[in-house]
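Protein chains: 2
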Amino acid sequence: MDKVNIILVGFGRVGRAFFELIKEKYDDCLQRYGLQVELRGIARQKGIVLLSSTQKVLSPSYFAEDDLDNLADWIKAITISDLLDEFREGVLVDCTPSNLISGEPGLSLFRLALDKGWHVVTASKGALALWPDELKELAKKKGLNIKASAAAAAALPTLDVGRRALAGSEIMAIEGILNGTTNYILTRMAEGLDFDEALKEAQEKGIAEPEPSMDIDGWDTAAKMVIIANEVLGTEIKLSEVQVRGIRGIKKEIAEKASSLNKILKLFGKCYREKASSPWKIEVGLALLDPVHPLARTSGTSKGIIFYTDTMGWVAVTGGQSSPKGAAAALLKDIISIYRP
Amino acid sequence: MDKVNIILVGFGRVGRAFFELIKEKYDDCLQRYGLQVELRGIARQKGIVLLSSTQKVLSPSYFAEDDLDNLADWIKAITISDLLDEFREGVLVDCTPSNLISGEPGLSLFRLALDKGWHVVTASKGALALWPDELKELAKKKGLNIKASAAAAAALPTLDVGRRALAGSEIMAIEGILNGTTNYILTRMAEGLDFDEALKEAQEKGIAEPEPSMDIDGWDTAAKMVIIANEVLGTEIKLSEVQVRGIRGIKKEIAEKASSLNKILKLFGKCYREKASSPWKIEVGLALLDPVHPLARTSGTSKGIIFYTDTMGWVAVTGGQSSPKGAAAALLKDIISIYRP
């Protein structure tokens, strides 16, 4: 049995779902994987709450009934750095928002955690999409993991399939429908709505953010493709090298034209190279899929990815719940895979 | 760098494809995984050929140009047991046919290999479907692996996804379209052929065997489901406990009725339990899928599997080349995963 210290940073929708999930799965992790997953602290903008100390370990049920929002005793004096020192080793679970311009707060967090000997498991995309080389190098030097399943389409298993399930084969190309918001909009446009109507509906349903740029301009898809390619192909592509075209304001006529050609319109991430000696390229843009394409039926908020290989043919994965719980499950999976490879 | 001794047993279509593949991938295994995959011997009904010895290691290129069938010097005096002793440790790669009644020759081979401290990687289904408990116990006792990706839908990654990509989630049910022959027949019947015509066409195209019982009576699907369930769920279900109904001689009217209901007819393997405290059950039989079911478009010789989970929603995998090369690639993947977990 191994004890795994967890420090959770970020307490938005995914952070909360992770908090609930590790309570729910505490016994299961112990029984199935021999892992005692102990949440030691939660850090968020308001401050840090220390849930247990090395001297006094609180069982998860202790804080099950509290509403953390209302806890009066956020220990503001404690920094994340103090927490990392206090528990010495474990996993920093990053549930902060993805900032695709600065990479923060992820970047500083990862540097700090790795420097202090902690593994990182992240749901945020910024740091890894912007500084893949630096972070890879740092983790390697320290013999630690940065795992990003939750940032790379979450409950849809993109990295595990690309790395493990296809081991020994050569991946020739990757294609993905990786953004639920744009896929929902395009699905509704194929059903007759125009772009603004479809976006508005997605916002009303809580699928699209009030500020939807990152999704509709294609950057969310691009960041996910970068993380997937770098992990699966061993490349060090940066987000700035990706050619990105989103779907903002596309005309209804494009959707109608696609239907009239019996094609399905998707926002597609593609990673490929011209020939084996060429560098890998990532592109994000609209694609017209033939109805028999394995991802053509990936509609609504669903996601999917396909790997083309030399020896195993193509392998497509679809599904994976698009929700904070799905992302939390991907974080927990990464924690398990660090300790139980 | 690790040196991996391989003894290949069985030299039919899959065995030959594996022989070709590890020549093709020799350098790649070395560079990407630090594994020197050395084929030490091939055992088949005609005899055993010893390709190298511990004293004199032959490079793969040495036998690249030989047609093994015409080698005069099959060393018939050497038994598999001698080969295992000679090289002391490594992986026995089993490419013998699947016998779902006796489990042989797999069963005897696995016992022998494990007893002598060798890992087993297999493309045959019999032994694992018939004696899951004994073989699991034996491998565990010896601290060795029996890996069966190639027997569990081959290039379609069923076991890796079920075990690794969904780690930490609870699998509630598994459904699979796991047999290319029956799926081809049903696809052609949906297009208007009757059963005999579709079977005859599949045989002419080399998709169906001249003796197609194992496929059309559902036993191939059942054996794959047993292997998948036991590996992914940790059960010890035996093939004899599975309720199996195949598609032999099904009437054209059934396919027509399915089309008229806008449903898609599939031979489906299902693994489920009534409630969390009930035992797991496996059933194989015809299913009428709604067109939006993630496996509904898995047509022709394609295969697919879907896992229903508590925290990640459903995850479906489709594709994976149905060919001897695809099976060989699954064998190589299992070898890599033993040495590079």
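So the sequence lines, in the order shown, correspond to chains A and B. Residues 1 to 341 (this note's numbering) are what the first sequence spells out, left to right. Residues 1 to 341 (this note's numbering) are what the second sequence spells out, left to right. In this text, a Cβ means the ideal position worked out from N, Cα and C, and glycines have one as well. As the structure is a prediction and not an experimental result, all values here were calculated from the model.
- Look at the beta carbons and you see the region 244-263 of chain B not touching the region 136-143 of chain B: under three pairs across the two are nearer than 8 Å.
- The beta-bridge partner set that DSSP reports for glutamate 283 (chain B) consists of B:Gln243, B:Lys270.
- At a C-beta separation below 9 Å, arginine 13 (chain A) has no neighbours in chain B, since its nearest C-beta there lies roughly 15 Å away.
- DSSP, reduced to helix, strand and coil, places threonine 122 (chain A) within a strand of the structure shown.
- Sequence-ordered contacts of the region 293-318 of chain B with chain A read Pro294, Arg297, Thr311, Met312, Gly313, Trp314, Val315, Ala316, Val317, Thr318 [C-beta pairs closer than 7 Å].
- Contact annotation for serine 277 (chain A) against chain B: no contact, minimum CB-CB distance about 15 Å [criterion: below 7 Å].
- Look at lysine 333 (chain A): its C-beta is under 8 Å from a C-beta on chain B.
- Here arginine 88 (chain B) is exposed, its C-beta having fewer than 16 other C-beta atoms within 10 Å.
- Within the same chain, Cβ atoms closer than 6 Å to the Cβ of aspartate 215 (chain A) are found at Asn179, Thr181, Thr182, the five residues on either side in sequence being excluded.
- Residues of chain B whose Cβ lies closer than 7 Å to the Cβ of serine 98 (chain A) do not exist; the shortest such Cβ separation is about 20 Å.
- One finds nothing in chain B with a Cβ atom closer than 8 Å to the Cβ of valine 232 (chain A); even the nearest lies about 12 Å away.
- At a cut-off of 8 Å, the C-beta of leucine 39 (chain A) has no neighbouring C-beta in chain B.
- DSSP places alanine 43 (chain B) within a strand segment (E or B) once states are collapsed to three.
- DSSP places isoleucine 338 (chain B) in the helix class (H, G or I) of the three-state scheme.
- Contact between the region 4-18 of chain A and the region 38-49 of chain A is present, with at least three C-beta pairs closer than 8 Å.
- Between alanine 127 (chain A) and leucine 107 (chain A), the gap from beta carbon to beta carbon is short of 8 Å.
- Counting of Cβ neighbours within 10 angstroms places valine 242 (chain B) among the buried residues, the total reaching 16 or more.
- With fewer than 16 other Cβ atoms from the protein chains shown falling within 10 Å of its own Cβ, aspartate 85 (chain A) counts as exposed.
- Of B:Ala190, B:Ile80, B:Gln321, the smallest CA-CA separation from lysine 266 (chain B) is found for B:Ala190.
- In the DSSP assignment, asparagine 230 (chain A) falls within the alpha helix (DSSP H) that extends over 219-233.
- Between lysine 325 (chain B) and chain A, the shortest Cβ-Cβ separation is below 8 Å.
- Listed along the chain, the chain B residues whose CB falls inside 8 Å of the CB of leucine 21 (chain A) are Thr311.
- Under the three-state reduction of DSSP, alanine 155 (chain B) is assigned to coil, being neither helix nor strand.
- Looking at A:Pro210, A:Leu286, A:Glu236, the one whose alpha-carbon comes closest to that of valine 244 (chain A) is A:Leu286.
- The beta-carbon distance between isoleucine 227 (chain B) and threonine 301 (chain B), rounded to whole angstroms, is 20 Å. This is too long to meet the 8 Å contact definition.
- At a cut-off of 8 Å, the C-beta of isoleucine 336 (chain A) has a neighbouring C-beta in chain B.
- In terms of CA proximity to phenylalanine 268 (chain A), A:Leu295 leads the group A:Leu295, A:Glu134, A:Ser277.
- Contacts with chain A at 8 Å (Cβ-Cβ) include glutamine 321 (chain B).
- Contact of lysine 25 (chain B) with chain A by beta-carbon distance below 7 Å involves Gly168.
- According to the DSSP assignment, glutamate 175 (chain A) belongs to the beta strand (DSSP E) that extends over 171-177.
- At a cut-off of 8 Å between beta-carbon atoms, valine 242 (chain B) makes no contact with chain A.
- When C-beta atoms of the region 163-173 of chain B are compared with those of the region 152-163 of chain A, three or more pairs fall below 8 Å, so the two segments count as touching.
- Fully enclosed alpha helix (DSSP H) runs of no fewer than 4 residues occupy 80-87, 106-115, 126-130, 132-142 of the region 74-144 of chain A, in order along the chain.
- Between the beta-carbon of tryptophan 280 (chain A) and that of leucine 233 (chain A) there is about 6 Å, and that keeps the pair under the 8 Å contact cut.
- Per DSSP, reduced to three states, the secondary structure at glycine 168 (chain B) is coil, with no helix or strand assignment.
- Taking the beta carbon of valine 161 (chain B) as reference, the chain A residues within 7 Å of it are Pro157, Val161, Ala165, listed in sequence order.
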